[in-house]
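K.L.:
Line by line, the protein sequences give chains F, X and E. Mapping the first sequence onto the UniProt record's numbering, position 231 (from 1) lands on 231, and the numbers just tick up by one. Mapping the second sequence onto the UniProt record's numbering, position 205 (from 1) lands on 205, and the numbers just tick up by one. Mapping the third sequence onto the UniProt record's numbering, position 79 (from 1) lands on 79, and the numbers just tick up by one. For glycine and all other residues, C-beta sits at the position ideal for the given N, C-alpha and C. Below is the structure I would like to discuss, written out as structure tokens.
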Amino acid sequence: MSDQLRERIFQELESITLIDPHTHINPHAAASTTLADIMGYHYYTELAHSAGMPREHIEEPGISPKEKVGRLVEGLAHLDNTIQLSWLLDICREFFGFEGETIDAGNWEALYDSSQQKMAEEDWEDQVLRHSRLEKVFLTNDFDDPLEGFDTDRYIPCLRTDDLVFHLGKASTRQRLEKATGIDVGDAASVVLACGKLFDHFVRNGARACAISIPPDFSPAPVTTGTVDPLIQRLAGGDELAAEEAATVSRFVFWTLAEFCSEYKLPFDLMIGVNRAVYPSGVYQGQDLFDKRVSLIQYRELFNAFPKVTFPISVLGQTSNHELVSYAWIFPNVVTNGHWWYSNIPTYIEQDTRSRLEAVPRNKQIGYYSDMYKLEFALPKFRMYRRVLAGVLAGDFVQGRGWSESRAIQFGQQLLRGNVERIFGVN
Amino acid sequence: MSDQLRERIFQELESITLIDPHTHINPHAAASTTLADIMGYHYYTELAHSAGMPREHIEEPGISPKEKVGRLVEGLAHLDNTIQLSWLLDICREFFGFEGETIDAGNWEALYDSSQQKMAEEDWEDQVLRHSRLEKVFLTNDFDDPLEGFDTDRYIPCLRTDDLVFHLGKASTRQRLEKATGIDVGDAASVVLACGKLFDHFVRNGARACAISIPPDFSPAPVTTGTVDPLIQRLAGGDELAAEEAATVSRFVFWTLAEFCSEYKLPFDLMIGVNRAVYPSGVYQGQDLFDKRVSLIQYRELFNAFPKVTFPISVLGQTSNHELVSYAWIFPNVVTNGHWWYSNIPTYIEQDTRSRLEAVPRNKQIGYYSDMYKLEFALPKFRMYRRVLAGVLAGDFVQGRGWSESRAIQFGQQLLRGNVERIFGVN
Amino acid sequence: MSDQLRERIFQELESITLIDPHTHINPHAAASTTLADIMGYHYYTELAHSAGMPREHIEEPGISPKEKVGRLVEGLAHLDNTIQLSWLLDICREFFGFEGETIDAGNWEALYDSSQQKMAEEDWEDQVLRHSRLEKVFLTNDFDDPLEGFDTDRYIPCLRTDDLVFHLGKASTRQRLEKATGIDVGDAASVVLACGKLFDHFVRNGARACAISIPPDFSPAPVTTGTVDPLIQRLAGGDELAAEEAATVSRFVFWTLAEFCSEYKLPFDLMIGVNRAVYPSGVYQGQDLFDKRVSLIQYRELFNAFPKVTFPISVLGQTSNHELVSYAWIFPNVVTNGHWWYSNIPTYIEQDTRSRLEAVPRNKQIGYYSDMYKLEFALPKFRMYRRVLAGVLAGDFVQGRGWSESRAIQFGQQLLRGNVERIFGVN
Ligand SMILES: [Zn+2]
Ligand SMILES: [Zn+2]
Ligand SMILES: [Zn+2]
């Protein structure tokens, strides 16, 4: 395809003001204060560790932010091929005026100091949002988050439910749940009651989605009260459950959440396929991987049982994308959602985007979310996506199918913004 | 690659007269009579339904063809990105002189009326075949099809065996079998006898293939008479079988069919990987999906046991293509067959074609079949394939390996026509 | 991307002197003596057989090398599309001055004779190495190889352990082991002792790696002496083990090897995913295939237990590449290793290379190995890889990310040579 065509479309896509539909932003500290906030992102620590830096060196307790950055810089040369490092360079160039080709021993201190000065400006958070054309940002809130002290119109709450579904067996989870809802979980009915209170609290505070990440071997299914009651009672009595019993409780809680999503008209974001702590000696947040032997057929019963719930679905393994395309092609309530984690690299984004744009109705695709922990990452990550998207629109639609440029750009706008507004009910 | 080179090769491929080796054409009503025949294709109804249109709206009993088209047009805007909709536009442009960019509320009635007039022409079927350069069309015939009243030289019978293998447990299947063969199935021997009669009937009427679609969890294996006899006897006595027992019967029937394919020298088309009725509330023919966790290793014993039977193999999930390439690379009796259903979109056709052209002997590849229900679809579907194929031939062979254009085009001819002739014994 | 850019980078990559980190070269007869040595490579015999030539025709005992070549030439026309045949043409052009477009009935005898003359030159082996810019070549040695009579600086030993892990149950394996080590295997301790002797022997003779190919259903795990002792005792007593018992022995031997890799600081090459003898009627070495339903999660415990052992990993199925990229991204001891067998075709090399270059630290990628049986194959196989790599570097790095050409070329050098030196400790 012609490079100019792609570049023109890319520039148009760059001008779109965004709503980021999934992040891990802390609304009380949304922007970074030092380069350590940015380079402490697990992508850098885990890649530096993978390339040879000992975890103890990276995560030594008590080192200053500047010391931490200095140490990580020692390892960057091994990562300079990665797309993740290109995000870091993009951030430093866009926000801190960095002009080098690489961040290295010779220039990092100057960069550290100048960036710190920049981030100390009072309106830094607003500057980042404005420069990134970022209007609203979805959060990932613990179920017991009070949702207070921030602007829920800008930072949109989202009820994250991993702990409820997969860790109700822990006393700490049940204690947090009791503290948040006043309900002491002792049987199935009390779990339902507590979940209802959480949904009520979240929806009253502007939540627009419920979300969960799920291991490859989980298959949602309804569970009768009679089956689950004795298990929850044993939990409440301090027992530990066997693995299959714990899975039954997980299925019960999961199904309960889906019922509340239906009642409260909340989309239920499913992030399918992660195995936690596969590498327990890894750095913080750098321990999870996956087993590609997972199928959306495991969600067959769920999709059929909740026709009124929209399920925006992310898959961790790239080999799951074809199933996702096909399930979104058939099920009205299945929506493709972004490019998650290990699939979030241009090679796979390109393949997955091409297939989705070709075979999934255009109103059922959420193009991208940043998954960021700090605001500065939205810009380079969305830019990466927009670059790929511009190439697909230019090649497959304008050149391949004779679409006008403006028609292709409108399609891009829908993927980047329009569908987010409609599916989650924000605007 | 140069656009002109690809275009020249594409035009040469477009000039090839086709034999379509797999369709669902009804030879008694091969062409469409209204736009509803075309837009009623499950690709459109299921995508419109997936994009938000209620099934009841699409499938309301008693609505006229024109009303049905009018309703579907309401939903087309959400699908205008899909490759399936591009087929529809291609049909309307090529056959009905349509000139719009989209089919919408403002133009569909005129299109409906003009197309109806065109389709009412007495030689419409011949016109479509001629304009599509389509010479012969393989059918998909129920096992009890009398195969009468049509030209079996143009419309080539193919014995479809899903019902026999997977639904012999239904009384209705056994009744149909008795009616077709005169044999009342009561034990293994009678099943073999009945199957033999079917093969005899089909081959006498020009059948060139046996075919079946298979769920992901099926593994063919021989079954002894001693094992299956009591099961079939129980079926005949009105019993229901347990799932594993029914699977044993399926394996027995399947193996019996393979033996007759060997005896009658019929290729056995295997379409591997479909789960039926995953979404039972979906529209007609829009309910099936798949589980990608299937492997051709499940067919190891079959491929070894029947060296004289050619198995043209289609896989439903794109992630099965590499296995297919590798098994066709090793097994003399395994042939790659087209791009099936959920894999039948340019992104995947391109990847799969590139790998097949690089690693499977050229005489063991059937490039494409349309899978159409109405004749008008051959043109846009084969055109989509030919466009992709032209790109692969231009990029990987002419530019990448220095082949002459004519050599690349000859290769394309073999994939599109020559291998179909030789493998199925038609010409 | 611009064709000139890619070509310039390709030429630079072509000039790199190689160390080939995995081959099946016989150091006592490294180069070919007739075209039959080259065309007898299983890629040609199995493809010719797959395309229709009977095995008996190809492998008839007693036929002369020339007769064998003549027979294979009859079948080449069906394979002329395959990338494997392009290697053959490359060899004939580069080494024997062949100028035809195809090898056929009209020219093969002249080619045979002229090539034989060439290969008879006294320094043919050196000529091939020099012309291929090949400096060192890793071998694949049986565990009982005396490693004598060749230059272990040029031909680097590698301890291949399939027989030990998967065939210790055969009396012949235990006899070979006894002959090689003087130890009669009778219990777990003697197995450990014997393995230690093998490592000692190999390392003293310059071995730089331990290697094994593994079926898809194998999961490494530690096994206690108490568990395995009775099993090995029964083996020594002449018993046959049940499948699950044999798997326990395999796990024990495998884990023992990993422990010695740790002690002797040898990388442990894992080639994951092959099913042996799937097509037992196939030609020699043309009988193996795979089941894509394998996951690197099966190696979780191994990777955690041996942080000091580097595991260069090859995967047989292309759908395993994303897991490999992700595991190499997280685990410091997991390294991506080349493009193996059924994945070793440009379509898949391109996809896999793009994803690895984007997401795996650059010091953890071994770009390519030839897997060759005769020296003449290094040139065309590495050239194929370098062509793909040049395209990825030109497109994704120079054009996509604004890298200078020299920076991209340095990256390519590291993938092709630098990492091989460092990871295996050769230079
Ligand atoms: Zn997240
Ligand atoms: Zn079909
Ligand atoms: Zn090898």
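Measuring straight from C-alpha to C-alpha, what distance separates residue 458/F and Q285/F?
P.N.:
As displayed, chain F neither begins before 1 nor continues past 427, which places residue 458/F out of reach and without an answer.
K.L.:
Below 7 Å on C-beta distance, what does N205/E contact in chain F?
P.N.:
Along the third sequence, one-based indexing puts residue 205/E at 205. By Cβ distance, chain F contributes nothing, its closest Cβ being about 29 Å from N205/E, past 7 Å.
K.L.:
Assuming G169/E and L235/E make a contact with CB atoms under 8 Å, what is their CB distance in whole Å?
P.N.:
Here residue 169/E refers to the residue found at position 169 of the third sequence. Here residue 235/E refers to the residue found at position 235 of the third sequence. Indeed, because the Cβ distance is near 6 Å, the residues count as touching under 8 Å.
K.L.:
Chain F partners of I345/X, CB-CB under 7 Å?
P.N.:
As a working note, residue 345/X is residue 345 in the second sequence. S355, E358, A359, listed in chain order.
K.L.:
Counting C-beta neighbours from all protein chains within 10 Å, is the total for H28/F 16 or more, i.e. buried, or is it exposed?
P.N.:
If you number the first sequence from 1, residue 28/F lands on position 28. It is exposed - the Cβ of H28/F has fewer than 16 other Cβ atoms within 10 Å.
K.L.:
Counting Cβ pairs, one atom from each stretch, are 3 or more of them under 8 Å apart for the region 314 to 328 of chain E and the region 46 to 64 of chain E?
P.N.:
no
K.L.:
For the region 314 to 325 of chain X, enumerate the residues whose C-beta is nearer than 8 Å to any C-beta of chain E, in chain order.
P.N.:
Within the region 314 to 325 of chain X, the qualifying residues are T319, S320, H322, E323, V325.
K.L.:
Quick one: which chain F residues come within Cβ less than 7 Å of S86/X?
P.N.:
In the second sequence, counting from the first residue as 1, residue 86/X sits at position 86. Simply R401.
K.L.:
Could you check which residue in W108/X, K179/X, R130/X, Q318/X has the C-alpha nearest to that of D142/X?
P.N.:
The residue given as residue 142/X occupies position 142 in the second sequence. Taking only the C-alpha atoms, the option nearest D142/X is K179/X.
K.L.:
Within 10 angstroms of its Cβ, does S50/E collect 16 or more other Cβ (buried), or is it exposed?
P.N.:
Here residue 50/E is taken as the residue at index 50 of the third sequence, counted from 1. Answer is buried; the Cβ neighbour count reaches 16.
K.L.:
Fully enclosed by the region 212 to 282 of chain F, which alpha helix (DSSP H) runs are 4 residues long or longer?
P.N.:
If we require 4 residues or more, the alpha helix (DSSP H) runs fully inside the region 212 to 282 of chain F come out as 225 to 236, 243 to 264.
K.L.:
So which of R401/E, V274/E, S370/E, A120/E has the shortest CA-CA distance to H383/F?
P.N.:
Sequence index remark: in the first sequence, residue 383/F carries index 383 (1-based). Going by the sequence as given, residue 383/F is Arg instead of His. Checking every option, the nearest Cα to that of R383/F belongs to R401/E.
K.L.:
Show which residues of chain X have a CB atom less than 9 Å away from the CB atom of Y348/F.
P.N.:
For the purposes of this step, residue 348/F is taken as residue 348 along the first sequence, with counting starting at 1. Neighbours of Y348/F on chain X: none; closest Cβ ~12 Å, over 9 Å.
K.L.:
May I have the straight-line CA-CA distance separating D163/E from T173/E, to the nearest angstrom?
P.N.:
For the purposes of this step, residue 163/E is taken as residue 163 along the third sequence, with counting starting at 1. For the purposes of this step, residue 173/E is taken as residue 173 along the third sequence, with counting starting at 1. Straight-line measurement puts the Cα of T173/E at about 7 Å from the Cα of D163/E.
K.L.:
What's the gap between the Cα of A30/F and the Cα of A189/F?
P.N.:
Taking the first residue of the first sequence as position 1, residue 30/F is located at position 30. Taking the first residue of the first sequence as position 1, residue 189/F is located at position 189. Between A30/F and A189/F, the C-alpha separation is close to 37 Å.
K.L.:
Taking the C-alpha atoms as reference points, what is the distance between T347/E and S32/X?
P.N.:
On the third sequence, residue 347/E is found 347 positions in, with the first residue counted as 1. On the second sequence, residue 32/X is found 32 positions in, with the first residue counted as 1. The straight-line gap from Cα to Cα measures roughly 40 Å.
K.L.:
For L159/E, collect the residues of the same chain with a Cβ closer than 8 Å to its Cβ; drop the 5 residues on either side in sequence, then sort them by chain order.
P.N.:
Position 159 of the third sequence, counted from the first residue, corresponds to residue 159/E. Hits under 8 Å: N141, F143, L198, F199, F202, A207, A209, C210, A211, L266.
K.L.:
Over what stretch of residues does the alpha helix (DSSP H) that includes E405/E continue unbroken?
P.N.:
Mapped onto the third sequence, residue 405/E falls at position 405. According to the DSSP assignment, E405/E belongs to the alpha helix (DSSP H) that extends over 405 to 413.
K.L.:
For H78/F, which residues in chain E fall below 7 Å Cβ to Cβ?
P.N.:
Looking up residue 78/F in the first sequence gives position 78. The contacting residues are P361, R362, N363.
K.L.:
Any beta carbon of chain X sitting closer than 8 Å to that of F10/E?
P.N.:
The residue given as residue 10/E occupies position 10 in the third sequence. Judged by the 8 Å Cβ criterion, F10/E is not in contact with chain X.
K.L.:
Consider the Cβ of I58/X: report whether some Cβ of chain F lies at a distance smaller than 8 Å.
P.N.:
Residue numbering aside, residue 58/X sits at position 58 when the second sequence is read from its first letter. By this cut-off, I58/X is not an interface position.
K.L.:
Buried or exposed: which applies to N419/E, given that a residue is buried once 16 or more other Cβ atoms fall within 10 Å of its Cβ?
P.N.:
On the third sequence, residue 419/E is found 419 positions in, with the first residue counted as 1. So N419/E counts as buried.
K.L.:
CA-CA distance, N107/X and K66/X?
P.N.:
One-based indexing of the second sequence puts residue 107/X at position 107. One-based indexing of the second sequence puts residue 66/X at position 66. C-alpha separation (whole angstroms): 13 Å.
K.L.:
Are G317/X and L13/X touching if we call contact CB-CB under 8 Å?
P.N.:
Walking along the second sequence from the start, residue 317/X turns up at place 317. Walking along the second sequence from the start, residue 13/X turns up at place 13. No, Cβ-Cβ distance for G317/X and L13/X is not below 8 Å.
K.L.:
Thinking residue 502/F and F306/F are a contact (beta carbons under 8 Å), I'd like their distance in whole angstroms, please.
P.N.:
Outside the modelled stretch of chain F, which goes from 1 to 427, sits residue 502/F, for which no answer is possible.
K.L.:
Just list the residues that DSSP pairs R160/E with in beta bridges.
P.N.:
The sequence position of residue 160/E within the third sequence is 160, counting from 1. Per DSSP, A211/E.
K.L.:
With distances taken from CA atoms, which of R276/X, R362/X, E376/X, R354/X is nearest P133/X?
P.N.:
The residue labelled residue 133/X in the question sits at position 133 within the second sequence. Per the sequence presented here, residue 133/X reads as Arg, with Pro not at that position. Closest in alpha carbon position to R133/X, among R276/X, R362/X, E376/X, R354/X, is E376/X.
K.L.:
Keeping to the same chain, check which residues put their C-beta closer than 6 Å to that of D269/F; ignore five residues upstream and five downstream.
P.N.:
The count along the first sequence starts at 1 and reaches residue 269/F at position 269. Excluding sequence neighbours, D269/F sits near A209, A211, P312.
K.L.:
Excluding the 5 residues flanking I272/X on each side, which residues of the same chain have their C-beta closer than 6 Å to its C-beta?
P.N.:
Working through the second sequence from its first residue, we reach residue 272/X at position 272. I214, V315.
K.L.:
Quick check: is any heavy atom of ligand 2 less than 7 Å from the C-beta of D20/X?
P.N.:
Position 20 of the second sequence, counted from the start, is the residue given in the question as residue 20/X. D20/X Cβ: outside cutoff for every heavy atom of ligand 2.
K.L.:
Can you give me the C-alpha to C-alpha distance between M372/E and H24/E, rounded to a whole angstrom?
P.N.:
Position 372 of the third sequence, counted from the start, is the residue given in the question as residue 372/E. Position 24 of the third sequence, counted from the start, is the residue given in the question as residue 24/E. Each residue's alpha carbon lies about 6 Å from the other.
K.L.:
Quick check for students: name the residue ranges of the alpha helix (DSSP H) that lie wholly in the region 73 to 135 of chain E, counting only runs of 4 or more.
P.N.:
Complete alpha helix (DSSP H) runs here, min 4: 83 to 96, 108 to 119, 124 to 131.
K.L.:
I'd like to know if V233/X contacts chain E, where contact means its C-beta is closer than 8 Å to some C-beta of that chain.
P.N.:
Along the second sequence, one-based indexing puts residue 233/X at 233. According to the sequence provided, residue 233/X is Gln. The question's Val does not apply to it. Output row for Q233/X: interface = no.
K.L.:
Compare the beta carbon distance of A408/E and V398/E with 8 Å and say whether it is the shorter of the two.
P.N.:
Mapped onto the third sequence, residue 408/E falls at position 408. Mapped onto the third sequence, residue 398/E falls at position 398. Cβ distance < 8 Å, so A408/E and V398/E count as in contact.
K.L.:
Figure out for me which residue from E125/F, L76/F, A120/F, R130/F has the closest Cα to the Cα of A105/F.
P.N.:
In the first sequence, counting from the first residue as 1, residue 105/F sits at position 105. Minimum Cα distance to A105/F is reached at L76/F.
K.L.:
Classify T17/E: buried if its beta carbon has 16 or more other beta carbons within 10 angstroms, exposed otherwise.
P.N.:
Numbered from 1 along the third sequence, position 17 holds the residue referred to as residue 17/E. Exposed is the call here.
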